[in-house]
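One structure is given here, and the rest of the page talks about it.
Number of protein chains: 2
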Amino acid sequence: MSLDGYIAGPDDDISFLSMVEKEGEDYGYADFMKTVDTIFLGRKTYDKIKETGFEYPREKEVYIISHSTSFGDNALKYYSGPLKILISNLRNRQGGNIFCDGGSDVLNQLLQDNLVDEFFISVIPVILGDGIRLFKAGRPALNLQLVSAKEFDTGLVQLHYIRAESQQQAGN
Amino acid sequence: MSLDGYIAGPDDDISFLSMVEKEGEDYGYADFMKTVDTIFLGRKTYDKIKETGFEYPREKEVYIISHSTSFGDNALKYYSGPLKILISNLRNRQGGNIFCDGGSDVLNQLLQDNLVDEFFISVIPVILGDGIRLFKAGRPALNLQLVSAKEFDTGLVQLHYIRAESQQQAGN
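Here it is in C-alpha cells:
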C-alpha cells in the first residue's frame with residue numbers, strides 16, 4: 000500500500016507499484032509462496048493479474064471471491080458464500096495456509112470476521128492522495144504483534160505482523 | 000497512526016497509544032524537538048494535549064491552527080488564514096523548522112499545498128477499524144524517499160521519509 004493506505008490510485012491505477020520494481024528483488028515473494036496452499040483473490044485483483052499475464056504456481060488452489068460466476072477460466076475456483084465457511088473447510092485439510100493477495104473487499108470481509116492470522120504489508124514510498132484503500136472503515140479493532148519491519152533499498156518497507164496472542168487464542 | 004491509518008479510534012479515542020508507552024523510551028522525541036522552532040497544532044490535538052497536562056518547551060513558538068480564536072491561553076498563538084502564507088513568513092526567519100504535531104486537518108491542509116518536506120510516521124501495532132484517519136482522501140499525490148524504518152521492541156515502527164528530490168526542487 001502507499002503510505003496513506005491506498006492499494007490503487009484514482010481510476011484503479013496501480014502504476015505506482017513500478018517505482019519499487021527492481022531486477023532480482025522479489026521482496027521475499029518466492030519464499031513466501033512456498034508456504035502457501037490456497038490463494039484468495041478479489042475479482043478486481045484477478046482482472047489486474049490477468050492483464051499482466053502473471054500466473055500462480057500450478058499446485059496452488061486459487062479461489063476468486065466474487066458474486067459473479069462468469070469467469071470462463073476452468074483452472075480457477077470461484078466462491079461467493081461466507082468466507083468463514085470456506086476457511087473452516089480449508090483449515091480442516093492438511094496444509095491450509097491461505098494467502099489473500101491484494102483485494103481490499105476480500106481482506107475487509109476477512110477482518111470483519113477476525114479471520115486473518117498474519118499480515119505482510121508492503122509500504123511503498125508515495126502518498127497517492129486518493130483511490131482504493133486497503134483498510135475500509137467500519138471494521139472491528141484488532142491488536143497486532145510486530146514480527147519485523149524490513150527496509151529495502153528501493154524505499155519499500157515490509158511490515159510483518161501476527162494477531163496478538165490473547166486474541167489468537169480467543170479467535171480459535 | 001494505527002496500521003490501518005487512524006490517529007484516533009471511534010469517539011476520538013487515543014487510548015491505543017498507551018500500548019507503546021514504555022518508561023525511558025521516547026522514540027527519539029526529545030532529540031527531534033531540539034531541531035524544532037515552531038509547532039503547528041490543530042484545535043482537537045491542542046485540546047487532547049491540554050487534557051494530559053503536557054507542555055511544549057517554552058522556547059518553541061506554538062500555533063493553534065483554527066478558525067476559532069477563543070482559547071484564552073495567552074502563551075499560544077492562533078492562526079486561521081492560509082497556511083501557505085504563515086509558512087512563507089516563518090521560512091524567511093532564521094531557524095524556521097516547523098513541526099506539525101498530530102492533527103489530521105492541519106496535515107491535510109499542508110499536503111493540499113505540498114508544504115510538507117519531511118514525514119515521521121509512527122505505526123502502532125493495532126488495527127483500529129474506524130475513527131479519524133491521518134490521511135484524508137482527495138489530496139494530491141506525492142513521491143517520497145525513505146530515510147529509515149526503525150523497529151522498537153514495543154512493536155512501534157517509525158517510518159521516516161522526505162519528499163522525493165525532484166519534487167523538492169519543483170516545490171521550492
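Taken in sequence, the protein lines are chains A and D. Taking numbering that gives the first Met the number 0, the leading residue of the first sequence gets 0, the next gets one more, and so forth. Taking numbering that gives the first Met the number 0, the leading residue of the second sequence gets 0, the next gets one more, and so forth. All residues carry an ideal CB built from backbone N, CA and C; glycine is no exception. Predicted, not measured: the structure shown is a model, and the values here were computed from it.
- Contact check for A:P124 against D:L155 fails: the beta carbons are separated by 7 Å or more.
- Contacts with chain D (Cβ-Cβ distance below 7 Å) from the stretch 22-49 of chain A involve no residue at all.
- According to the DSSP assignment, D:I13 belongs to no alpha helix (DSSP H), since it is labelled neither H nor E.
- Taken in chain order, the complete alpha helix (DSSP H) segments of 4 residues or longer contained in the stretch 30-73 of chain D are 42-51.
- For A:Q111, the uninterrupted alpha helix (DSSP H) segment begins and ends at 103-111.
- Nearest C-alpha to D:K149 among D:L143, D:N142, D:H159: D:H159.
- The three-state secondary structure of A:E164, taken from DSSP, is helix.
- If the five residues before and after A:F119 are omitted, its C-beta is found closer than 6 Å to the C-beta atoms of H159, all from its own chain and listed in chain order.
- Within the model, the alpha-carbon separation for D:G130 versus A:G130 is close to 19 Å.
- Within the same chain, and ignoring the five residues on either side of D:S67 in sequence, the residues whose Cβ sits closer than 7 Å to its Cβ are R42.
- A residue is called buried once 16 or more other Cβ atoms fall within 10 Å of its Cβ, and D:F53, having fewer, is exposed.
- Interface residue (Cβ-Cβ distance to chain A less than 7 Å): D:V115 is not classified as such.
- Going by DSSP, D:I120 is part of the beta strand (DSSP E) stretching over 117-122.
- The beta-carbon of D:V156 is placed less than 7 Å from the nearest beta-carbon of chain A.
- By the criterion of a C-beta distance shorter than 7 Å, D:T44 is surrounded in its chain by D100, G101, G102, once the five residues flanking it on both sides are discounted.
- Nearest to A:S17 by alpha-carbon distance, out of A:Q157, A:A163, A:T153, is A:T153.
- If you draw a straight line from the Cα of A:A29 to the Cα of D:E58, it comes to about 53 Å.
- In the same chain as D:D112, and ignoring 5 residues on each side of it, the C-beta atoms closer than 6 Å to its own belong to K83, in chain order.
- Not flagged as an interface residue toward chain A: D:A7, since no C-beta distance is shorter than 7 Å.
- Taking a Cβ-Cβ threshold of 8 Å, the residues of chain D close to A:Q144 are P124, G154, in chain order.
- Under DSSP, A:F98 takes part in a beta bridge, and its partners are A:I38.
- Straight-line measurement puts the Cα of D:Y62 at about 27 Å from the Cα of D:P9.
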